[in-house]
Amino acid sequence: MADPIKGPIVTIQAEDFDTGQIISQATKDCSNVGAVVSFTGLCRDEGGKLAALELEHYAGMAKAEITRIATRAYAHWPLDQLITIHRFGKIAPGENIVLVLATSSHRQAAFEAASYLMDYLKTHAPFWKKEHLIDGTSSEWVDATEKDDKALNRWKDVIGE
Amino acid sequence: MLGKSSGSGLNMKIMYFAWIRERIGYANEEIALPPEVKTVGAFLTWMKTRGEEFAYALENDTLVRVALNQEHCNDLSHSLENVSEIALFPPMTGG
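Chains as they are written, first to last, in the working numbering: chain F, 1 to 161; chain E, 162 to 256.
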């Protein structure tokens with residue numbers, strides 16, 4: 001009963017989050033954890049032009065899809081905790097968009113799992129970004145990039161799929 | 162809502178997202194599919210015939226992603242049997 005919750009934890013929320021606080025919680029009372037890797041994706045201001053990002057999401061699918069990806073990572077690497085938070089709705093420059101946090105006995109597993117999760121999340125989690133500009137001109141949907149698709153290739157030999 | 166009743170086909174919830182939603186003009190609908198529409202490929206072909214806004218939203222096959230019952234599907238020959246929700250959306254840009 002003393003064990004912390006095991007298995008991937010995925011949260012989809014509109015509210016901002018405190019990365020530092022989540023790291024503290026995730027590593028508290030875990031004497032077997034030797035490594036914690038966290039990635040936080042932030043909203044850029046695109047050289048001062050961006051007023052806000054609007055993240056549309058497929059509510060019914062978002063948590064299920066990220067959980068599928070996180071479950072594969074959790075099964076592949078020796079992890080203690082694997083936490084993902086993804087926000088939706090209006091996000092201002094400087095605010096958080098996404099957090100992936102992996103804890104493990106050793107750094108390699110934590111680095112790789114966090115990196116894998118982010119690469120898959122970019123191209124498989126059902127979220128779409130729209131840019132709202134400060135000058136009030138037209139709002140545009142952000143295009144998916146080939147770079148993000150290519151990032152998946154390096155995992156094919158590691159974890160399959 | 163269009164809600165066309167075209168007979169004995171499967172009753173399907175269809176969801177649209179991002180610019181595909183904007184081009185079609187609404188976010189979701191419930192519709193009876195024609196009986197001959199039994200696969201993802203047949204579904205997409207039929208959707209494009211439903212009007213200008215559908216043809217425009219789905220004009221570029223490489224930019225249309227499909228989810229069946231809230232799971233990705235990239236197999237056009239996949240059956241729609243036991244599917245109650247189809248989502249159409251552009252390539253994702255989360256993270």
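Here a beta-carbon is modelled for each residue, glycine too, at the ideal position from N, C-alpha and C.
Between E:Leu224 and E:Pro196, the C-beta gap is not smaller than 7 Å, which leaves the two residues out of contact. At a cut-off of 7 Å between C-beta atoms, E:Met253 counts as an interface residue with respect to chain F. Under the Cβ criterion of 7 Å, F:Gly60 is counted among the residues facing chain E. Taking all protein chains in view, the Cβ of F:Thr145 is surrounded by fewer than 16 other Cβ atoms within 10 Å, so the residue is classified as exposed. Between the beta-carbon of F:Trp128 and that of E:Thr254 there is about 5 Å, and that keeps the pair under the 8 Å contact cut. Within the region 217 to 229 of chain E, the residues whose Cβ lies closer than 7 Å to any Cβ of chain F are, in chain order, Ala228. Annotation: F:Glu131 has no Cβ neighbours in chain E at a cutoff of 8 Å; minimum Cβ distance is about 10 Å. Listed by position along chain E, the residues whose Cβ is nearer than 7 Å to that of F:Lys122 are Gly255 and Gly256. Residues of the same chain with a CB within less than 6 Å of the CB of F:Trp141, apart from the 5 flanking positions on each side, are Lys130 in chain order. Here DSSP, grouped into helix, strand and coil, assigns F:Arg44 to coil. Between F:Ala62 and F:Ala125, the beta carbon gap of about 6 Å places them in contact (Cβ cut-off 8 Å). In the structure shown, the three-state DSSP call for E:Leu224 is helix.
In the three-state reduction of the DSSP assignment, E:Met253 falls in the coil class. With contact defined as three or more Cβ pairs closer than 8 Å, the region 93 to 103 of chain F and the region 197 to 212 of chain E are not in contact.
Between F:Glu112 and F:Cys43, the C-beta spacing is not below 7 Å. Under the three-pair Cβ rule at 8 Å, the region 83 to 95 of chain F counts as touching the region 51 to 70 of chain F. For F:Gln21, DSSP records no beta bridge to any residue.
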